[in-house]
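In order, the protein sequences belong to chains P and G. The working numbering applies: residue 1 is where the first sequence begins, and numbers increase by one. The working numbering applies: residue 193 is where the second sequence begins, and numbers increase by one. We put the CB at the ideal spot given by N, CA and C, even for glycine. Note sheet for the following structure.
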Amino acid sequence: MSLDAVQPDPFVHDRLIEAVALHRDREAFAELFSYFAPRLKAWLIKSGATPGAAEDFAQDAMLTVWRKADLFDARKARAATWIFTIARNRRLDMLRRDARPLPVPEIELAEQTVERPDDIVALSQDAARVRDALSQLKPDQVEVLRLAFFMDSPHSEIARQLDLPLGTVKSRIRNAMIKLRLILEPSEEAAR
Amino acid sequence: MNARLHSSRGNPSEERLLAYAAGNLSPPEAVVVAAHLALRPANDAWVRQLQTVGGEFLDEAAPASMADDALMRAMARIETDAGEVKSQPPLNDMPELPEPLRRYALGPWRWIGPGMRVRDVHAPRDGDCRVILLEIGPGRETPRHTHGGVELTCVLSGAYATETERFDVGDLEEADPEVLHQPRVVSDEPCLCVVALDGQIELDGWLGRLIQPFVRL
Chain P
1 MSLDAVQPDP
11 FVHDRLIEAV
21 ALHRDREAFA
31 ELFSYFAPRL
41 KAWLIKSGAT
51 PGAAEDFAQD
61 AMLTVWRKAD
71 LFDARKARAA
81 TWIFTIARNR
91 RLDMLRRDAR
101 PLPVPEIELA
111 EQTVERPDDI
121 VALSQDAARV
131 RDALSQLKPD
141 QVEVLRLAFF
151 MDSPHSEIAR
161 QLDLPLGTVK
171 SRIRNAMIKL
181 RLILEPSEEA
191 AR
Chain G
193 MNARLHSSRG
203 NPSEERLLAY
213 AAGNLSPPEA
223 VVVAAHLALR
233 PANDAWVRQL
243 QTVGGEFLDE
253 AAPASMADDA
263 LMRAMARIET
273 DAGEVKSQPP
283 LNDMPELPEP
293 LRRYALGPWR
303 WIGPGMRVRD
313 VHAPRDGDCR
323 VILLEIGPGR
333 ETPRHTHGGV
343 ELTCVLSGAY
353 ATETERFDVG
363 DLEEADPEVL
373 HQPRVVSDEP
383 CLCVVALDGQ
393 IELDGWLGRL
403 IQPFVRL
């Protein structure tokens with residue numbers, strides 16, 4: 001570590017998950033919980049869950065983080081992406097009328113992709129590139145994307161919440177996606 | 193690949209990929225999209241980028257306040273946690289299927305017409321929406337039909353063509369319920385598809401009227 005201690009460590013959460021995986025480090029888990037559980041709860045409330053259900057969801061998702069920490073690979077996904085994916089799969093489970101779980105969680109499927117060393121570098125840069133790409137979108141485009149991620153029935157709900165016609169919401173999301181693709185795609189090409 | 197090329201036929205819409213990345217697709221649709229992504233690495237990479245976007249949004253979300261005892265509860269849970277009993281279901285009998293479909297149990301093949309058979313994929317349903325495998329022989333046409341609800345189809349082997357478009361391995365077709373549909377297999381081998389089917393297919397025409405009473409898709 002350098003003396004340049006003012007810079008927050010961008011990998012702090014990745015290290016905490018690895019500490020949980022390697023040493024079942026309870027302090028590390030408590031730190032992860034304190035950071036991510038309130039954010040997971042906020043997400044679920046936005047998607048229409050009651051505060052009580054959202055609290056339980058955050059608890060359950062974090063327990064999955066504890067259980068699956070050894071599947072985390074910092075080269076493949078950053079901590080926030082990994083926890084997002086866990087929560088996303090959990091949410092998909094909840095949406096199921098039928099209680100049969102997906103036999104192969106997608107996060108594990110993702111592990112099977114063969115990666116060349118240069119892919120790994122590209123992936124570790126993903127989060128920074130995505131952040132940069134988001135900063136190039138217009139604020140109203142970022143807003144609809146964020147809502148599309150965090151709401152159950154995206155388009156009509158978003159239209160209601162933003163008080164916009166449905167068509168406007170749809171085209172705004174589409175334009176945001178096209179712009180994101182244009183910014184992010186060159187390296188997708190390099191990663192192949 | 194560029195944004196224009198992406199929107200060509202055989203690719204899911206951006207809305208569909210976004211919904212998949214966010215976990216907002218119904219489970220049967222998610223199964224078909226997962227099969228498509230296994231066959232289309234470029235789209236798979238794009239979905240992973242979208243999940244990174246989701247991670248960023250989660251990271252910067254304004255935190256909600258948790259119950260006072262939330263951390264205590266969490267720590268107590270991990271202390272007593274026996275771990276998840278993780279036994280993967282066995283592989284099914286179709287090694288030709290893409291990985292995301294290999295661990296779903298499959299029902300028996302059922303004949304539904306000349307050169308046509310289906311079997312259920314025991315993936316999670318969503319009300320009436322479920323996943324099936326559909327195999328149609330070379331040169332065969334399915335009876336003309338309209339759709340009861342949203343239908344997603346991914347070609348796993350062979351190829352078929354509709355009145356206007358051709359669908360090859362890995363292509364995803366998002367059927368429009370308004371459109372009368374009569375796909376014809378154009379490959380030399382049978383065409384195998386995984387389909388998310390909502391409600392009953394309504395068959396049309398003399399063959400349809402003939403077999404409809406016997407066929408439950």
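Could you check what DSSP says for residue i in three-state terms: helix, strand or coil?
{"i": "G:Ser218", "result": "coil"}
{"i": "G:Phe359", "result": "strand"}
{"i": "P:Ser34", "result": "helix"}
{"i": "G:Ser349", "result": "strand"}
{"i": "G:Ala297", "result": "coil"}
{"i": "G:Gly367", "result": "Going by the sequence as given, residue 367 of chain G is Ala instead of Gly. Three-state result, G:Ala367: strand."}
{"i": "P:Ala61", "result": "helix"}
{"i": "G:Gly202", "result": "coil"}
Can you find a CB in chain P that lies within less than 8 angstroms of the CB of residue i?
{"i": "G:Asp273", "result": "yes"}
{"i": "G:Phe249", "result": "yes"}
{"i": "G:Gly329", "result": "no"}
{"i": "G:Leu325", "result": "no"}
{"i": "G:Pro255", "result": "yes"}
{"i": "G:Leu384", "result": "no"}
{"i": "G:Gly391", "result": "no"}
{"i": "G:Leu210", "result": "yes"}
{"i": "G:Leu348", "result": "no"}
{"i": "G:Met193", "result": "Low per-residue confidence applies at G:Met193: pLDDT is 40, beneath 50, and the placement is therefore not dependable, though the value from the model is reported in the following sentence. Output row for G:Met193: interface = yes."}
{"i": "G:Ala262", "result": "yes"}
Can a CB atom of chain G be found closer than 8 angstroms to the CB of residue i?
{"i": "P:Val144", "result": "no"}
{"i": "P:Arg39", "result": "yes"}
{"i": "P:Gln136", "result": "no"}
{"i": "P:Ala21", "result": "no"}
{"i": "P:Thr50", "result": "no"}
{"i": "P:Ser171", "result": "no"}
For residue i, count the other beta carbons within 10 Å of its own beta carbon; 16 or more makes it buried, fewer makes it exposed. Which is it?
{"i": "G:Gln280", "result": "exposed"}
{"i": "P:Met62", "result": "buried"}
{"i": "P:Lys46", "result": "buried"}
{"i": "P:Asp9", "result": "exposed"}
{"i": "P:Lys138", "result": "exposed"}
{"i": "G:Gln241", "result": "buried"}
{"i": "P:Thr50", "result": "exposed"}
{"i": "P:Arg160", "result": "exposed"}
{"i": "G:Gly246", "result": "buried"}
{"i": "G:Glu252", "result": "exposed"}
{"i": "P:Met94", "result": "exposed"}
{"i": "P:Ala77", "result": "buried"}
Measuring CA to CA, which of the options is closest to residue i?
{"i": "P:Ser135", "options": "P:Leu32, P:Leu184, P:Leu22", "result": "P:Leu184"}
{"i": "G:Cys385", "options": "G:Gly331, G:His373, G:Phe359", "result": "G:Phe359"}
{"i": "P:Lys170", "options": "G:Arg201, G:Gly202, G:Leu210, G:Ala259", "result": "G:Leu210"}
{"i": "P:Lys41", "options": "P:Leu71, P:Leu32, P:Glu55", "result": "P:Glu55"}
{"i": "G:Gly391", "options": "G:Thr334, G:Val323, G:Glu207", "result": "G:Val323"}
{"i": "G:Arg311", "options": "G:Cys321, G:Glu365, G:Pro300, G:Ile304", "result": "G:Pro300"}
{"i": "G:Leu304", "options": "G:Leu293, G:Met286, G:Pro220, G:Arg332", "result": "For the record, residue 304 of chain G in the displayed sequence is Ile; it is not Leu. When each option's Cα is compared against that of G:Ile304, the closest is G:Arg332."}
Less than 8 angstroms between the CB atoms is what I'm expecting for residue i and residue j, so what's the real figure, rounded?
{"i": "P:Arg26", "j": "G:Met267", "result": "7 angstroms"}
{"i": "G:Thr244", "j": "P:Val20", "result": "That pair is no contact at about 21 angstroms."}
{"i": "G:Thr345", "j": "G:Val378", "result": "Not really, about 15 angstroms apart at Cβ, beyond 8 angstroms."}
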